[in-house]
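This report refers to the structure that appears directly beneath it.
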Amino acid sequence: MSSQPNQTTNFTTFADWCLHFDSLTEAAKHTVEVLLKYANTSDCYEADRILSNLTWLNLNYNQIADISPLIALTNLTWLNLNYNQIADISPLIALTNLTWLDLNYNQIA
């Protein structure tokens, strides 16, 4: 994979993000690490299986700045991202099933 900055927009699964970890920004790497910890595995495919089936996810207090890796979690209906460092919420547009979202205490202007 080349290191073109916009290639991460082609990632459609969490496994894509995880398997291309070395090409990610530091902020995206941190988010992938948080999600791997949440899934309680270091295996990208197992984490993808677990995370892609989630409907509920609480990631508050994780110092997350880049939420782009969340675009693969399209089954989410409930998402708590409060007390992080998020400024850009545009990746959330991919989460069309969300009915509840908490973004309090972030860097959103």
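Adding 62 to a residue's 1-based position in the sequence shown gives its number in the numbering used here.
All C-beta atoms in this analysis are idealised placements derived from N, C-alpha and C, irrespective of residue type, glycine included.
Only a predicted model underlies this, so the values are computations on that prediction, with no experimental measurement involved.
Three-state secondary structure (DSSP) of D84: helix
Enumerated in chain order, which unbroken segments of the beta strand (DSSP E) with a length of 3 residues or greater are wholly contained in the stretch 78 to 160? 118 to 120, 140 to 142
State the Cα-Cα distance for the pair T158 and A149, rounded to the nearest angstrom. 20 Å
Tell me the DSSP bridge mates of L163? L141
Here's the rule I'm using: 16 or more other beta-carbon atoms within 10 Å means buried, otherwise exposed. How should D110 be labelled? buried
Express the C-alpha separation of Y100 and Y123 in angstroms, rounding to a whole number. 13 Å
Can you give the Cα-Cα distance for W79 and N146, rounded to whole angstroms? 20 Å
Nearest-angstrom beta carbon gap, A90 and P175 [assumed within contact, 8 Å]: The requested residue 175 is not part of the displayed model; the chain covers only 63 to 171.
Alpha carbon to alpha carbon, how far is L121 from H82? 22 Å
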